[in-house]
Amino acid sequence: MNYYSTNGNAPIANLHKAVVKGLAEDRGLYMPEQIKKLPKAFIDNIQDMRFQDIAYNVASAFFGEDVDLDALQDIVYDTLSFDCPVVKVKDTIFSLELFHGPTLAFKDVGARFMARLLQYFIRQEGQHEQVNVLVATSGDTGSAVANGFLGVEGIHVYVLYPKGKVSPIQECQFTTLGKNITAIEVDGVFDDCQALVKSAFMDEALNQHMKLTSANSINVARFLPQAFYYFNAYARMKAQDKADQLVMCVPSGNFGNICAALFGHAMGLPIKRFIAANNANDVFYNYLQTGKYEPKASVQTLANAMDVGDPSNFARIYDLYGKSHERISSLISGATYSDEQIKEAMRQCYKDTNYILDPHGACGYQALVDGLQEGEVGVFCETAHPAKFKEKVDDILGIDVEIPDRLAAFMKGEKQSVPMTKDFKDFKAYLMKQ
Ligand SMILES: *Cc1c(COP(=O)(O)O)cnc(C)c1O
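Residue numbers for the sequence shown follow the working numbering, so the first one is 128 and each next one is one higher.
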């Protein structure tokens with residue numbers, strides 16, 4: 128499969144190049160030239176299939192031309208070592224729980240898949256030189272990438288994070304791992320971390336010294352696998368005879384997750400319509416209303432993993448529907464919630480149903496409460512385990528959220544990180560010694 132850039136000014140890439148480079152030369156996002164429709168028989172019988180096998184079928188349509196099928200099956204099965212169950216919350220509203228992976232957030236799926244696919248390409252090339260992944264994080268991405276790449280031979284990961292600015296739980300999720308994961312604690316803010324990573328990619332001497340790559344969230348190997356769990360959710364709903372008028376509601380920030388769902392739809396997944404649920408960052412919501420896409424600075428909210436003022440994957444969605452506002456707004460509707468509304472949604476849901484929402488999932492839940500029409504059944508993504516945002520959730524609901532064993536285990540580990548200034552000279556000198 129060939130991949131072109133959404134900016135239309137870069138050479139066509141194969142999957143290998145698209146995965147290793149992440150972003151095209153013209154800073155556009157890679158898009159597959161074709162989206163293959165899945166056979167009707169697959170959709171007809173999907174309710175009888177297991178998650179892993181559903182995912183393997185979807186993966187073959189995306190990656191089957193470029194990856195040996197046995198290896199692909201192995202990568203898919205390894206990625207989906209945990210379930211993404213659909214749980215009834217009330218009446219016609221269901222929660223697609225994406226938080227049963229190693230770091231309790233949906234980004235685990237894409238991160239693990241990308242790690243294994245990158246390893247596959249490295250081995251196929253017969254490369255013996257180590258590949259180094261640099262990733263800047265304000266919390267969530269670093270933990271998912273670090274855990275996804277943990278123990279993957281031939282790849283070393285450097286996670287750069289701002290000192291004192293990530294939550295203690297998140298920090299433990301990438302500083303206690305050891306092995307092929309090095310945490311670098313930068314005396315600065317998130318933007319300084321990102322600037323260090325960017326400078327490293329552009330530094331010639333450094334690139335001659337070591338092979339560098341990124342694990343950015345716009346990477347095709349990170350975003351496409353997110354389509355897997357939408358097919359599975361459809362299958363589980365169909366098995367209960369509730370899939371005829373299914374509405375899929377996705378709490379969105381950078382719009383990678385919902386974009387994967389839309390790719391699934393383009394492959395033939397029978398979802399009636401989609402809702403993109405936002406916090407107070409309402410750029411996409413406004414686009415749906417006005418047809419004008421006007422990025423702005425992000426504002427901080429309770430659902431901080433969705434604090435994005437210029438969602439990168441908008442370019443993919445725009446392209447997928449031939450840049451037509453009409454097509455986009457007839458398939459996708461929007462919702463936007465203030466922190467107060469998020470808190471109220473969490474309280475009301477807990478009171479009515481006993482289900483504990485995290486602030487991100489709460490946007491999705493509320494958008495279904497507000498937007499579901501007669502005859503429709505809604506599924507929202509619960510994108511993170513409430514314990515990941517324990518202080519907030521405890522405070523809002525007046526409860527003591529139980530911390531899953533997996534999360535508690537991270538907190539017992541020994542924190543190890545390399546202190547670093549925000550001066551590129553120091554970072555470069557450090558990498559040159561590795
Ligand atoms: C990353 C993230 C989101 C937003 O997902 P996008 O793909 O960026 O739209 C939502 N919730 C949580 C908990 C996340 O970590």
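We put the CB at the ideal spot given by N, CA and C, even for glycine.
It is roughly 37 Å from the alpha-carbon of LEU558 to the alpha-carbon of LYS519. Around GLU312, the same chain offers LYS290, SER544, PRO546 as residues with beta carbons nearer than 6 Å, after the five sequence neighbours per side are excluded.
By the criterion of a C-beta distance shorter than 6 Å, SER465 is surrounded in its chain by ALA407, once the five residues flanking it on both sides are discounted. For ILE459, the beta-bridge partners assigned by DSSP are PHE401.
Boundaries for CYS299: no beta strand (DSSP E) harbours it, while the alpha helix (DSSP H) harbouring it runs 295-302, taken from the DSSP string. Secondary structure remark: continuous beta strand (DSSP E) runs of at least 3 residues inside the stretch 361-449, in chain order: 373-378, 400-405.
DSSP places ALA151 outside both helix and strand once states are collapsed to three, so it counts as coil. Each of ALA393, CYS476, THR480, SER425 was checked against the Cα of ALA494, and the nearest Cα belongs to CYS476. The three-state secondary structure of SER341, taken from DSSP, is strand. When C-alpha distances from PHE169 are compared across ILE530, HIS143, PHE358, PHE317, the shortest belongs to PHE358. For ALA327 and ALA442, the gap between their C-alpha atoms comes out near 26 Å. Burial is judged here by how many other beta carbons sit within 10 angstroms of a residue's own beta carbon; PRO295 has fewer than 16 and is exposed. Under DSSP, ASN259 shares a beta bridge with HIS283, LEU339. With contacts defined by Cβ atoms closer than 8 Å, PHE350 and ALA322 do not form a contacting pair.
For MET241, no beta strand (DSSP E) encloses it; the enclosing alpha helix (DSSP H) starts and ends at 234-251. Ranked by how close their Cα comes to the Cα of GLY149, the residues PRO166, GLN161, TYR130, ILE162 have TYR130 in first place. Taking non-hydrogen atoms of ligand 1 into account, the C-beta of ALA432 is found less than 7 Å away from one of them. Taking a C-beta distance under 8 Å as the contact criterion, MET394 and LEU225 do not qualify as a contact pair. With fewer than 16 other CB atoms across the displayed protein chains lying within 10 angstroms of its CB, ASP171 is exposed. Comparing alpha carbon positions, the residue from PHE551, THR303, THR206, PHE507 closest to ARG400 is PHE507. For the pair GLN561 and THR219, the Cα-to-Cα distance works out to about 55 Å.
In this structure, the alpha-carbon of SER425 lies about 11 Å from that of ASN381. Per the coordinates, the alpha-carbon of TYR356 lies some 12 Å from the alpha-carbon of GLU509. When ALA273, SER265, LEU277 are compared, the shortest CA-CA separation from ASP318 is found for SER265. In this structure, PRO531 has its beta carbon at no less than 7 Å from each heavy atom of ligand 1.
DSSP, reduced to helix, strand and coil, places MET176 outside both helices and strands of the structure shown, so it counts as coil. Cα atoms of GLN251 and LEU244: separation of roughly 11 Å, rounded to the nearest angstrom. With the rule of 3 Cβ pairs closer than 8 Å, the stretch 365-375 does not count as touching the stretch 423-439. A residue is called buried when at least 16 other Cβ atoms come within 10 angstroms of its Cβ; THR548 does not meet this threshold and is exposed. For ILE220, the CB stays at least 7 Å from every heavy atom of ligand 1.
Following the DSSP letters along the chain, one finds THR309 in no alpha helix (DSSP H) but inside the beta strand (DSSP E) bounded by residues 308-313. Taking non-hydrogen atoms of ligand 1 into account, the C-beta of ALA360 is found less than 7 Å away from none of them.
Taking ILE249 as reference, the option from VAL347, LYS167, GLN161, VAL147 with the minimal CA-CA separation is VAL147. Using a Cβ distance threshold of 8 Å, GLY269 and VAL258 do not count as a contacting pair.
Bounds of the beta strand (DSSP E) holding MET547 are 545-547. A distance below 7 Å between beta-carbons, with the five flanking residues on each side excluded, links GLU192 to the following residues of its chain, in chain order: MET128.
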